[in-house]
Ligand SMILES: Nc1ncnc2c1ncn2[C@@H]1O[C@H](COP(=O)(O)OP(=O)(O)OP(=O)(O)O)[C@@H](O)[C@H]1O
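Residue numbers (the UniProt record's numbering): 1 to 446.
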């Protein structure tokens, strides 16, 4: 083992046996008793990392990627299927809430059993008892059985023991989340303190804030392998961007499925009367949050969004082109109308709005027009969820048809260095001071 390392994880793989269903009723169990089939599922597929003394490492990754399994392997609750793990010194851990506690024993008795699991003798525990109790702030509950404790109280007790056993390596799994705000802050301060004293810490957390606060390095696990390792702020940003990308991919998939369904329904409707088609379509293109007002003399019959490639979608990149196509029908002849389009953020903040009349002093002759299109060449919206609003108005501003929230759109961005609602096109300029005087002074001195 390299002298400066406290932990060395080499090509560690971990597989679990996953049994196929044997049936739940007695009949099924008898019928399928030979069905003792299982498959080996690799949760970790070969991970390698080293940790130096006093380093704090944050493990991150989506649910089920193998973070807790890694901690359990480090704490020797389980063993790798392949590969090796070497750890120097005493390991203390806070893995599952209440693990290592006996529910019928008092808090005080549990301190003895729990601390002895971490290798302390009774004498050593007696010496630290006051510190453990003081840190947990559970003085008045200490002689009650721990089954009467809340999850936060469990955590207080477990944390107080784990940090008072003079461990060289401390492993913490997503447990600090159940503490109240003041105790969480106290725990973080304590972690920083014991880290400064040279304890090595490995922490699993879904809170990037927690990882950035105390970790020197983050390790992102995906599909049982290390995807990225490095400065917590950057690894965290890449991880969050990828998670958001996956969420939006799913939204886009669901939208396309809904579109296919809608097309099938539209085909069926084509054999119905034209009036019915109109009524059905009026409802189907609006989001579930749509709010519609107006006298209905002219009505939208479809509002669709397209990307630059001409694909109908609701997911766009920040800065990408967005095309809004509006179809309508009039119940009267000879009507001229104004068309308005606007965007609000999901929380209701109005972002941008305009109309063809205000911008071009032009009214659309409804009898002669089939479709009105607005092309946004460069949407300046930052990452987030936005709502599209559309309206058809008479020349005197009377509302024919106004639909707020007609579509919900998602804007995605890989940039994490901008804040607010929209991008303001800009550039930076830095003019350096001309240090003429100081040069002159130097030359006089010479
Ligand atoms: N004893 C076990 N037997 C079978 N499968 C297991 C066992 N322990 C864990 N797994 C599986 O291993 C995978 C990784 O689990 P693990 O608890 O390490 O994930 P995690 O990254 O900590 O997830 P989370 O963020 O949800 O806590 C999961 O698919 C889980 O179902």
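Quick reminder that beta carbons are idealized off the backbone N, C-alpha and C, glycines included.
Just so you know, these numbers come straight off a predicted model, no measurement behind them.
Here's a check: name, in chain order, each residue in its chain whose Cβ is nearer than 6 Å to the Cβ of residue i, leaving out the five neighbours to either side.
| i | result |
| --- | --- |
| residue 20 | 37 |
| residue 2 | none |
| residue 168 | 89, 90 |
| residue 86 | 1, 8 |
| residue 229 | 219 |
| residue 290 | 403, 405, 406 |
| residue 441 | At residue 441 the pLDDT is 49, less than 50, meaning the model places this residue with poor confidence; the figure from the coordinates comes in the next sentence. The answer is none, since no qualifying residue turns up. |
| residue 92 | 118, 162, 165, 167, 170 |
| residue 285 | 302, 303 |
| residue 353 | 342 |
| residue 114 | 100, 161 |
Near residue i, what residues of its chain come up, given a Cβ to Cβ distance below 7 Å and the 5 sequence neighbours on each side ignored?
| i | result |
| --- | --- |
| residue 55 | 200, 216, 217 |
| residue 272 | Confidence is the limiting factor: at residue 272 the pLDDT is only 45, short of 50, which leaves the residue's position unreliable, though a coordinate-based value still follows. Hits under 7 Å: none found. |
| residue 278 | Confidence at residue 278 is low in this model, with a pLDDT of 40, below 50, so the placement of that residue should be treated as unreliable; the coordinate-derived value is given next. 301, 329. |
| residue 191 | 201, 214 |
| residue 274 | Confidence in residue 274 is poor, its pLDDT being 39 and thus under 50, which makes the residue's placement unreliable; the coordinate value appears in the next sentence. Excluding residues within five positions, none has a Cβ falling inside 7 Å. |
| residue 206 | 174 |
| residue 26 | none |
| residue 198 | 53, 54 |
| residue 72 | 78, 95 |
So, residue i versus residue j, is the Cβ gap smaller than 8 Å?
| i | j | result |
| --- | --- | --- |
| residue 116 | residue 136 | no |
| residue 132 | residue 139 | no |
| residue 381 | residue 318 | yes |
| residue 40 | residue 15 | yes |
| residue 322 | residue 349 | no |
| residue 293 | residue 408 | no |
| residue 74 | residue 171 | yes |
| residue 94 | residue 173 | yes |
| residue 401 | residue 324 | no |
| residue 211 | residue 203 | yes |
| residue 320 | residue 379 | yes |
| residue 52 | residue 5 | yes |
| residue 241 | residue 345 | no |
To which residues of the same chain is residue i closer than 8 Å at the C-beta, ignoring the five residues directly before and after it?
| i | result |
| --- | --- |
| residue 367 | 330, 333, 334, 335 |
| residue 97 | 151, 154, 155, 158, 175, 178 |
| residue 195 | 54, 56, 201, 214 |
| residue 232 | 58, 208, 211, 212, 215, 216, 217, 218 |
| residue 45 | 13, 223, 224, 225 |
At a cut-off of 7 Å, is residue i close to ligand 3 when judged by its beta-carbon and the heavy atoms of the ligand?
| i | result |
| --- | --- |
| residue 66 | What this structure holds is ligand 1, not ligand 3. |
Which residue from the options puts its Cα closest to that of residue i?
| i | options | result |
| --- | --- | --- |
| residue 225 | 409, 48, 198 | 48 |
| residue 316 | 82, 291, 383 | 383 |
| residue 254 | 313, 241, 372 | 313 |
| residue 42 | 51, 52, 18 | 18 |
| residue 449 | 235, 385, 70 | Within the shown structure, residues of the chain are numbered from 1 to 446, placing residue 449 beyond reach of any answer. |
| residue 326 | 374, 183, 13, 180 | 374 |
| residue 10 | 80, 76, 69 | 80 |
| residue 77 | 69, 111, 120 | 69 |
| residue 361 | 141, 428, 396, 420 | 396 |
| residue 357 | 432, 372, 430 | 372 |
| residue 111 | 141, 82, 84, 83 | 141 |
In chain order, each alpha helix (DSSP H) run of at least 4 residues that lies wholly inside the segment 169-228: 181-196, 208-214
Runs of alpha helix (DSSP H) lying entirely within the segment 80-147, each at least 4 residues, in chain order: 107-117, 122-136
Meets three-Cβ-pair contact criterion under 8 Å: the segment 97-112 and the segment 144-162: yes
Cβ contact check for the segment 304-312 and the segment 410-423: 3 or more pairs under 8 Å: no
Completely contained beta strand (DSSP E) runs for the segment 371-414, where each covers 3 or more residues: 371-376, 384-393, 399-412
Touch test, the segment 245-252 against the segment 362-379, Cβ-Cβ under 8 Å, three pairs minimum: no
Cβ pair count under 8 Å reaching 3, the segment 339-356 against the segment 385-392: yes
Ranges of the beta strand (DSSP E) found wholly within the segment 321-357, counting only runs of at least 3: 322-330, 336-345, 350-355
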